[in-house]
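Undergrad: I'd like to ask you about the structure that follows.
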Ligand code: VGL
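Numbering (our numbering), first residue to last: 2 to 192.
Encoded structure:
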C-alpha cells in the first residue's frame, strides 16, 4: 500500500480576506480542506501535514511583501474554521530572518526534522498539496515534492493571488509532472 501525505500550505489568517497579505477567496478552501482532512484522519496509510509561515519580525522577506505571519501573532494562526487534527505534523517555514521560506520543504518541525525526514520516516510515496497561494508557496512546495514523490495538486482547495498567476502556476506544476486533481476525486479514488 502506498503511504500518502496531505500537505496543506499556509491556511493562516494573514493570507485570508482581511489579513495582511490576503489571497482573494482564500477562505473558500477551508470547506473542501476540512472535508478531506476528515476523510484522511485516522487512516493508517495517511499523514496530515500543515505548513505554516512563521517569520521573525525583522525578516528580509518583508522587503518584498507586506509584513505578514509574524510568529506568535494572530495573523500566523490557522484560520479559525480549519479543523487541525491534534496529531497533524506542523512544518514551520521562513524562520530565519534571511529566508523567504516559500516551500514547505525549506521548513522544519518542532524537533528540527525537515519535511523530507518526516516523509521518509513515514515511508510516504505520494504527496497531495493544497492551500494558498497557488503561485507562491503551493507551487514551490509542489515543485519540490515532485523531485522525490508522486505529487498531486488539489486544485479546488487552492487559491491564487491573481487569476493569471494561478493559471500560469498550475501549468508550470503540470509541466513539472504534478497531477492536477480535486479533493472530491482524491476522496473517491485514494481514500
Ligand atoms: C506566500 C507570499 C509571501 C504564500 C508567502 O503563502 O504563498 N506568498 N509569503
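Backbone N, C-alpha and C fix where the C-beta goes; we use that ideal spot for every residue, glycine too.
So for residue 49, helix, strand or coil by DSSP?
TA: Looking at residue 49 - three-state DSSP - the assignment turns out to be strand.
Undergrad: Kindly indicate which residue of 7, 141, 188 and 94 has the alpha-carbon position closest to the one of residue 216.
TA: There is simply no residue 216 to check, as the chain begins at 2 and stops at 192 in what is shown.
Undergrad: How far does the beta strand (DSSP E) with residue 160 in it reach, from first residue to last?
TA: 151–160
Undergrad: Please report the straight-line C-alpha distance between residue 35 and residue 84, rounded to a whole angstrom.
TA: 6 Å
Undergrad: Tell me whether the region 65–76 and the region 7–22 touch, counting them as touching only if at least three CB pairs, one residue from each stretch, are closer than 8 Å.
TA: With the cut-off at 8 Å, the region 65–76 and the region 7–22 touch.
Undergrad: Please determine, among 95, 114 and 27, the residue with the shortest C-alpha to C-alpha distance to residue 59.
TA: Checked all of 95, 114 and 27; the closest Cα to residue 59 is 95.
Undergrad: According to DSSP, which residues form a beta bridge with residue 79?
TA: 13
Undergrad: Output the boundary residues of the alpha helix (DSSP H) element that contains residue 90.
TA: Residue 90 -> not in any alpha helix (DSSP H); beta strand (DSSP E) instead, spanning 90–94.
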